Amino acid sequence: HVKIKLYKHTTYYIQKLWKSNVKKSDTKQPSYAEVESQVSFEQMVEARRQEAQRSVLVQVHSEESCPDLRQYCNQHGEVRGMHHYSLPPDLHFVVVEFEDSAHVHNILNVSGHINKEVVPVQSPFLWFRAPKKASQSKQDFSPQAHVEAPSTEELQNWMNAAQSLSDQLLVLHRVTALNDLGSRLRFLTARQIELALAGLFPHVKALPFGSSVNGFGRATCDLDVVLLPDCEVPSDDCRLVFHAKAALMGGRPQTQRLMETLGDVCQLLLPGCSHVRRVLQARVPIIKFKHELTGIECDLSLDNDTAVHMSALLYTLGTSDPRVRPLVGAVRRWAREVGLTNPAPGRWITNFSLTLLVLFYLQQHGVLPLLGATGDVVRLPGSVKTDLAALFTGFFEFYASFDFASYAVSLSSKVEVPKPDHAPLYIVNPLERGLNVSRNVSRDETERLRVELRNAAWLLESVPLDPGTAKSWGLAALLEAPHAAAKGRNIFYIPPRRSTPSRMMDVTELFDKSTVEMQQHTE
Ligand code: GTP
Ligand code: MG
């Protein structure tokens, strides 16, 4: 309760602050004040959940089937919109959104199984078979087109064509952030699980959390889903109480057993769920699977409500200033390019921890408020007007000299907090202050992080930050550097080795070597 109260207080204050900011920025700095979302986390999640309840996902032969599908669907309800996408090799799908969830009910009631060899489950994932008699709809209708994530080369070209470093950061954000279709598919995937369990647990919600909803997601991010009970404790007037089985084991063993069963449900019954893996020994046991029809990697967990509060907190911070999301996106991208992050869990820093590093930096520069222990929000003095580019270069300068060996990073403190233990990297969990969210990060990886931060700070001082004669500049040059270095073509960047801290290049050595090389190059 304390956690929830703290979170609610914080959300309330940040929203208040954000509203006053929007008013200010209307007059003073409208340039990149592209506020994507002006609603609270709860409103956004509820709107997306209802959208998923009004939607079905239909596999079609090709995009040309869309008018026909629309006409067919309109016989059973009223179509509000259609969103087409394709997956390799040449599979086509359409998310059909109806005006009302009752229309989905109608559509599912008139749908069936034509093959007797299948497990005949009902789910909102369907396919549209060819008509018996060739009938082509005459309607002139094309579904909403969705631009796919650009290739690295396309992205580099767009960034090099930008007008400034700030523009580059915004371009990267616009083309790589999770888009509307991505959100729809994630909520629909969660809906499928919720519906599958609805008979036994009509009040269980399957809620997306993590980067799918916290505003920091990319087009290809995984879907973290948690199953949470949403039932109220009956009042004293309630006379009828459900019969129920006794919880056999209780606690963690019970959760693991339930997760195992959920894994079986996904593997054996849910259309599209494949490669089901059970990771039951982890701190939070999860079921991992790949959804073949949406192309999304999913992590399913149980009863982990803190994760949802964390997503709400990050969402609120992300919407409190238009510079936050592009900045976090660019830092995450940089970390991926230099190999600091890795989709597999391990002793390296995670996107979540990196996000907290960026948020802490923004707090220290007065862009974001501090999260106070009592829920009060304190804004440190700093330049609210600092432009996005300066904040980006400032991030690397800030951490290049941060004393990770002695201090922890805490979103609720304006002074540096001494590390409470000997963990190489200590980032205080903002909702459970006694925990370190980066306790998985090894000494080697912390050292690599430090060297890469210094590398980037130095590189951003060395490459042109504005378009000029250089082919590659600013953010494009920073992201290209590790790849060019791997091919022996870059003099600005020398990648530190993984797992060999003793042989890792010291930054002073790096400066000397690069300066020499640069001089040679100039000569
Ligand atoms: P991606 O790398 O894009 O998936 O980012 P993500 O933010 O979704 O990260 P991830 O899938 O690893 O974790 C999902 C969510 O779980 C995060 O956003 C956090 O809310 C939460 N989480 C992850 N790691 C930790 C941790 O160490 N401690 C706590 N308390 N929460 C965590
Ligand atoms: Mg995730």
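Numbering-wise (our numbering), the sequence shown opens with residue 845 and increments by one. We put the CB at the ideal spot given by N, CA and C, even for glycine. Given the structure is predicted, the values throughout are model-derived calculations rather than measurements.
**Prompt:** Do you know offhand how far ASP1247's Cα is from LEU1102's?
**Reply:** 44 Å
**Closest by C-alpha distance to LEU913, when choosing among VAL940, LYS1263, ARG892** = VAL940
**Prompt:** For TRP1317, which of helix, strand or coil comes out of DSSP?
**Reply:** coil
**Asked** Would the beta-carbon of ASN1154 be found less than 7 Å away from any heavy atom of the ligand GTP?
**Response** Per the sequence presented here, residue 1154 reads as Met, with Asn not at that position. At least one heavy atom of the ligand GTP is nearer than 7 Å to the Cβ of MET1154, so yes.
**Prompt:** Measuring from the CB of GLU1286, is there a heavy atom of the ligand GTP at a distance below 7 Å?
**Reply:** Looking at the sequence itself, residue 1286 is Ser, so the reference to Glu does not match. No, the Cβ of SER1286 stays beyond 7 Å of every heavy atom of the ligand GTP.
**Asked** Cβ of CYS1110 within 7 Å of any heavy atom in the ligand MG?
**Response** no
**Prompt:** Of the residues ALA1249, THR1237, ALA1174, VAL954, which one's Cα is nearest the Cα of LEU999?
**Reply:** ALA1174
**Message:** the ligand GTP and VAL1272: does any heavy atom of the ligand fall closer than 7 Å to the residue's C-beta?
**Reply:** no
**Prompt:** Distance, Cα to Cα, LEU1137 vs SER1250?
**Reply:** 48 Å
**Item:** Check: ASN1058 C-beta below 7 Å from any heavy atom of the ligand GTP
**Value:** yes
**Message:** At 4 residues or longer, what runs of the alpha helix (DSSP H) sit wholly inside the stretch 1218-1290?
**Reply:** 1232-1244
**Message:** Can you tell me whether ARG1041 is helix, strand or coil according to DSSP?
**Reply:** Looking at the sequence shown, residue 1041 is not Arg but Leu. If DSSP states are grouped into helix, strand and coil, LEU1041 belongs with the helices.
**Prompt:** What residue does the beta strand (DSSP E) around ILE951 start on, and which one ends it?
**Reply:** Element bounds for ILE951: not the beta strand (DSSP E) but the alpha helix (DSSP H), 945-953.
**Asked** Under the criterion of a Cβ to heavy atom distance below 7 Å, does SER1055 qualify as lining the ligand MG?
**Response** yes
**Asked** With burial defined as no fewer than 16 other Cβ atoms inside 10 Å of the residue's Cβ, what is the status of PRO1052: buried or exposed?
**Response** buried
**Prompt:** Going by beta carbon distance, what residues of the same chain come within less than 7 Å of ALA1063, once the five residues before and after it are set aside?
**Reply:** ALA993, THR1020, LEU1022, ASN1023, GLY1026
**Prompt:** Going by Cα to Cα distance, which pick from CYS910, VAL904, HIS957, GLN966 is closest to LEU931?
**Reply:** VAL904
**Request:** Compute the beta-carbon to beta-carbon distance between LEU1255 and GLN1207, rounded to the nearest angstrom, for a pair I have assumed lies under 8 Å.
**Result:** 6 Å
**Request:** Please classify THR1105: is it buried, with 16 or more other beta-carbons within 10 angstroms of its beta-carbon, or exposed?
**Result:** exposed
**Prompt:** Thinking just about the alpha-carbon of each residue, which of GLY1095, ALA1042, GLY1162 is nearest to the one in GLY1061?
**Reply:** GLY1162
**Request:** Go through the stretch 896-974 residue by residue and report every complete run of the beta strand (DSSP E) that reaches 3 residues or more, in order.
**Result:** 899-904, 923-931, 935-942, 969-971
**Asked** Name the DSSP bridge partner or partners of ILE1130?
**Response** VAL1123
**Asked** Can you name, in chain order, every residue of its own chain whose Cβ lies under 8 Å from the Cβ of LEU1092, other than the five neighbours on each side?
**Response** GLN1098, ARG1101
**Prompt:** Between ASP1066 and the ligand MG, is the CB less than 7 Å from at least one heavy atom?
**Reply:** yes
**Prompt:** Taking Cβ positions, are ILE790 and VAL1295 nearer each other than 8 Å?
**Reply:** This structure does not reach residue 790, given that the chain is present from 845 up to 1367, and the question cannot be answered.
**Prompt:** According to the Cβ coordinates, are LEU1072 and ASP1147 closer than 8 Å?
**Reply:** yes
**Prompt:** Are there three or more Cβ pairs, one per stretch, closer than 8 Å when the stretch 1029-1042 is compared with the stretch 1187-1206?
**Reply:** no
**Request:** Have a look at SER899, ARG898, GLY925 and flag the residue whose alpha-carbon is nearest the alpha-carbon of PRO911.
**Result:** GLY925
**Message:** Could you check whether the Cβ of ARG1292 sits closer than 8 Å to any Cβ belonging to chain B?
**Reply:** Looking for chain B here will not work: only one protein chain is present.
**Prompt:** If you draw a straight line from the alpha carbon of ASP944 to that of SER1079, how long is it in whole angstroms?
**Reply:** 32 Å
**Asked** What three-state label does DSSP hand HIS1087 in the structure shown?
**Response** coil
**Message:** Is the beta carbon of PHE942 closer than 8 Å to that of ARG898?
**Reply:** yes
**Prompt:** Hey, would you say the C-beta of ASN1186 is under 7 Å away from at least one heavy atom of the ligand GTP?
**Reply:** no
**Request:** State the CB to CB distance for the pair LYS1132 and SER1118, rounded to an integer number of angstroms; the pair is presumed to be in contact (CB under 8 Å).
**Result:** Wrong, their Cβ atoms sit about 11 Å apart, outside the cutoff.
**Request:** Quick one: residues in its chain with C-beta nearer than 7 Å to the C-beta of GLU1181, no 5 flanking neighbours on either side, listed in chain order?
**Result:** LEU1323, PRO1326
**Item:** Unbroken beta strand (DSSP E) run spanning PHE1060, endpoints
**Value:** First-last for PHE1060: undefined, no H or E at that position.
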